[in-house]
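Numbering (full-length UniProt numbering), first residue to last: 1 to 313.
Okay, structure first, notes after.
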């Protein structure tokens with residue numbers, strides 16, 4: 001029986017290294033990577049990607065587009081971890097929990113775009129509520145998220161972990177021009193008709209994301225309550241292996257959210273905090289930007305594809 005060949009293109013970057021580590025020791029696949037001397041050789045990369053059953057692209061956007069353009073073998077399936085194809089026609093969005101059919105779409109697709117780290121949390125919170133009609137598609141949304149510095153890639157990791165790291169900023173907000181590349185992805189896959197505001201930041205810890213979205217209940221249709229929002233999320237994610245929906249909190253002191261709580265896992269924790277007196281709700285998500293926000297999600301999508309290949313024989 002043929003053992004699927006999985007090629008990682010760009011396995012020296014943050015995401016690629018994490019995927020490589022997660023796949024080490026697996027016997028249900030043959031892992032193909034290029035030696036250092038060949039990683040930038042266009043011909044060797046072309047040969048490798050066309051010899052693979054599944055190619056995992058851990059490349060900058062332009063390089064990912066170039067890699068896809070070199071594919072001549074119609075049997076090659078691609079999981080692109082860059083943002084190059086997240087809103088592109090013909091590509092399946094690699095968030096299996098998006099709806100009841102998404103995992104099956106991913107399993108049988110030739111082209112899958114891995115979600116961005118921040119969009120994973122935002123879409124997971126927003127899409128079920130928009131789809132259920134509890135949250136208007138044109139609601140004036142504000143999304144705030146803080147990630148560990150590894151979200152900034154190798155340059156950010158080196159800035160915080162090499163000599164002189166004491167000069168690295170403790171916290172920095174960025175994307176202040178309000179044109180962050182994740183916004184179209186969030187808008188499209190959350191089903192929004194109005195562009196949300198998105199304010200990201202990096203803090204001085206290695207990995208983990210805490211994301212929050214405030215809602216004013218008076219702006220929601222038909223006197224929607226926090227309990228209805230909670231029930232919608234619980235129903236949507238019932239049975240979802242990697243998504244935890246915590247109990248609704250709306251009375252007494254609330255716990256703090258630890259962005260590192262789910263590090264080194266592929267889990268996503270959603271929680272709603274409400275203040276009935278003020279009519280306000282805070283949607284929150286905690287997850288690992290290198291796990292469910294990147295490499296863990298890629299391996300989850302890979303496993304769906306491998307399962308489909310196994311069924312095909």
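All residues carry an ideal CB built from backbone N, CA and C; glycine is no exception.
- prompt: Mapping DSSP to helix, strand and coil, what is residue 189?
  reply: helix
- request: Within its chain, find whatever has a CB closer than 6 Å to the CB of residue 204; leave out the 5 residues flanking it on each side and keep chain order.
  value: 170
query: Secondary structure at residue 154, three-state DSSP: helix, strand or coil?
result: Note: residue 154 maps to helix in three-state DSSP.
Alpha-carbon to alpha-carbon, residue 149 and residue 292: 16 Å
query: DSSP on residue 114, reduced to helix/strand/coil?
result: coil
field: Residues of its chain near residue 130, where Cβ-Cβ distance is below 7 Å and the 5 sequence neighbours each way are ignored
entry: 137, 190, 191 and 192
Beta-bridge partners of residue 284, as assigned by DSSP: 212 and 271
- request: For residue 245, name the three-state secondary structure that DSSP assigns.
  value: strand
message: Could you give the first and the last residue of the continuous alpha helix (DSSP H) run that contains residue 17?
response: 14-23
- prompt: In terms of DSSP beta bridges, what is residue 77 paired with?
  reply: 54
message: Let me check one thing: in DSSP terms, what residues is residue 142 bridge-paired to?
response: 197
task: Spatial neighbours of residue 73 within its chain, please: CB distance less than 6 Å, with the 5 preceding and 5 following residues excluded, ordered by chain position.
output: 50
- prompt: Just how far apart, CA to CA, sit residue 244 and residue 233?
  reply: Between residue 244 and residue 233, the C-alpha separation is close to 10 Å.
message: Quick check: residue 122 and residue 211, are their CB atoms within less than 8 Å of each other?
response: Remark: C-beta atoms of residue 122 and residue 211 approach each other more closely than 8 Å.
- prompt: Quick one: Cα of residue 110 to Cα of residue 312, how far?
  reply: 14 Å
Cβ neighbour criterion (16 or more within 10 Å) applied to residue 236: buried
query: Excluding sequence positions up to five away, which residues of its chain have a Cβ less than 7 Å from the Cβ of residue 151?
result: 117, 202 and 289
message: Would residue 7 and residue 52 qualify as a contact pair, given that the criterion is a beta-carbon distance under 8 Å?
response: yes
task: Output the distance between the C-alpha atoms of residue 240 and residue 103, rounded to the nearest integer angstrom.
output: Between residue 240 and residue 103, the C-alpha separation is close to 11 Å.
- prompt: Is there contact here, the region 93-101 with the region 291-305, by at least three beta-carbon pairs under 8 Å?
  reply: Touching, yes, given that three or more Cβ pairs across the two stretches are closer than 8 Å.
- prompt: Smallest Cα separation from residue 147: which of 301, 306, 2 and 286?
  reply: 286
task: Determine the burial state of residue 164: buried for a count of at least 16 other Cβ atoms within 10 Å of its Cβ, exposed for fewer.
output: Counting the other Cβ atoms within 10 Å of the Cβ of residue 164 gives fewer than 16, which makes it exposed.
Own chain partners of residue 80 with C-beta closer than 6 Å, once the 5 adjacent residues on each side are dropped: 57, 64 and 113
- prompt: When DSSP builds the beta bridges, which residues end up paired with residue 202?
  reply: 147 and 172
message: Given a cut-off of 8 Å on the beta-carbon distance, is the pair residue 153 and residue 13 in contact?
response: Judged by their CB atoms, residue 153 and residue 13 are nearer to each other than the 8 Å cut-off.
message: If the criterion is Cβ atoms closer than 8 Å, does the pair residue 125 and residue 213 meet it?
response: Going by C-beta atoms, residue 125 is nearer than 8 Å to residue 213.
task: Identify the continuous beta strand (DSSP E) that holds residue 9 and give its terminal residues.
output: 5-9
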